[in-house]
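To start, the structure itself, in structure tokens.
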Amino acid sequence: MRDTRYEIIVYIDGGSRGNPGPAAAAFILTDSAGTQLQAKAFFLGRTTNNVAEYTAICKALEAAKQIGAKQLTVFSDSELLVKQINGQYKVKSEQIRPLFQQSVNALGEFENWKVQHITREENADADKLVNQALNLEQDITVPCDRRPGTRTSHSAGRPTAERQVTSGESRIKPVRLGVLISGGGTTLMNILEYIKQ
Numbered sequence: 001m002r003d004t005r006y007e008i009i010v011y012i013d014g015g016s017r018g019n020p021g022p023a024a025a026a027f028i029l030t031d032s033a034g035t036q037l038q039a040k041a042f043f044l045g046r047t048t049n050n051v052a053e054y055t056a057i058c059k060a061l062e063a064a065k066q067i068g069a070k071q072l073t074v075f076s077d078s079e080l081l082v083k084q085i086n087g088q089y090k091v092k093s094e095q096i097r098p099l100f101q102q103s104v105n106a107l108g109e110f111e112n113w114k115v116q117h118i119t120r121e122e123n124a125d126a127d128k129l130v131n132q133a134l135n136l137e138q139d140i141t142v143p144c145d146r147r148p149g150t151r152t153s154h155s156a157g158r159p160t161a162e163r164q165v166t167s168g169e170s171r172i173k174p175v176r177l178g179v180l181i182s183g184g185g186t187t188l189m190n191i192l193e194y195i196k197q
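The UniProt record's numbering numbers the first residue of the sequence shown as 1 and each following residue consecutively.
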């Protein structure tokens, strides 16, 4: 029987407004049951979309290693990144070559790994994190309440420590920052404080 406690599912995304332009990278780590373990976004300043995508996978792999992942599946909507990592495309850009090498080296530290392409719609949660980091021009950490290998206590078949997450459900709550930010600096500070919690 396969031990799924250390099997991690990773969603990554990167984006640049202008390409090059203001850019951000994000990742979401879940366990094999779909429970969110970590979700982070990083504001990168001015760079390209491809650098943002590769930064996302590098940051995600570092986080997966830190929580003890042994097996992982990475999902990305970047066809270029997926095909380069899987050896189907050559890396021609000098700008992304070091990030490509860093990600390949990091993947080699896991017992088993896969990098697969998904549609942008299937990667909507990671995309939302990228856009939030771009809108705020700062890094974001979404609070998560579980670590791999821990169990939720059950009473009469129902979890008591946390509610169950159904397949396809997300714990990331989108924030309509455009509307809220127009309320002034105090509102923005309240939003930033909420995001940091």
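Note that CB positions come from ideal geometry on N, CA and C, so glycine has one too. Since the model is a prediction, treat every value here as computed from it, not as a measurement.
Asked: Straight-line Cα distance separating I140 from L99; Found: 21 Å
Asked: With 16 other Cβ atoms within 10 Å as the buried cut-off, status of K92; Found: exposed
Asked: K114 - DSSP class collapsed to helix/strand/coil; Found: strand
Asked: Beta-bridge pairing of K40 - partner residues as DSSP gives them; Found: F27 and T141
Asked: Ranges of the beta strand (DSSP E) found wholly within the stretch 66 to 106, counting only runs of at least 3; Found: 71 to 76
Asked: Sub-9 Å separation of N19 and T48 beta-carbons; Found: yes
Asked: Q88 classed as buried or exposed, judged by whether at least 16 other C-beta atoms fall within 10 angstroms; Found: exposed
Asked: 6 Å Cβ shell around E137 - same chain, five flanking residues per side excluded; Found: F43
Asked: Beta-bridge pairing of G14 - partner residues as DSSP gives them; Found: A25
Asked: Under the three-state DSSP convention, the category E7 falls into; Found: strand
Asked: Burial state of K90, where buried means 16 or more other Cβ atoms lie within 10 Å; Found: exposed
Asked: Per-residue burial, K114 [other beta carbons within 10 Å of its own, 16 or more giving buried]; Found: exposed
Asked: Residue from T73, E7, Q102 and V130 whose Cα sits closest to the Cα of D31; Found: E7
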